[in-house]
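Residue numbers (UniProt numbering): 1 to 84.
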Amino acid sequence: MYKQLPTHPAFTMFNTSQFVGKDLEVLVRTALTHGELAPGIALAVERYRSKSSLTVVEQRQLQILDSAISDGCVVAVQVQSAKR
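This is how it looks when you write it as structure tokens:
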């Protein structure tokens, strides 16, 4: 049987269930914070774009990201494979 951890905020700080429903917000904030759109984040954002039932909040988050990209505040990062 697993031991239950205390529910002190310090122990629940990294509880991934807190991100359920906020995934797109986390992706957009990460891109804005770092000023770049990493390939993994770009792929995850594109998965959101392909959803047919985006909420108003999700649509707005995508607009914010698109605006930041068009203004040059966020740049797409492309990974180049190392030649041997």
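Yeah, the Cβ is synthetic: ideal placement off N, Cα and C, and Gly gets one too.
If you reduce the DSSP assignment to three classes, tell me which class residue i lands in.
i: residue 75; result: strand
i: residue 2; result: Here the model assigns residue 2 a pLDDT of 48, short of 50, so the residue's position is not dependable and the matter cannot be decided.
Do residue j and residue i count as a contact pair if the criterion is CB distance below 7 Å?
i: residue 65; j: residue 28; result: yes
i: residue 36; j: residue 75; result: yes
i: residue 43; j: residue 68; result: no
i: residue 59; j: residue 24; result: no
In terms of residues, what are the limits of the alpha helix (DSSP H) holding residue i?
i: residue 80; result: That residue, residue 80, is in no alpha helix (DSSP H); it is neither H nor E in DSSP.
i: residue 55; result: It is not in any alpha helix (DSSP H) - residue 55 carries neither H nor E in the DSSP assignment.
i: residue 44; result: 39-49
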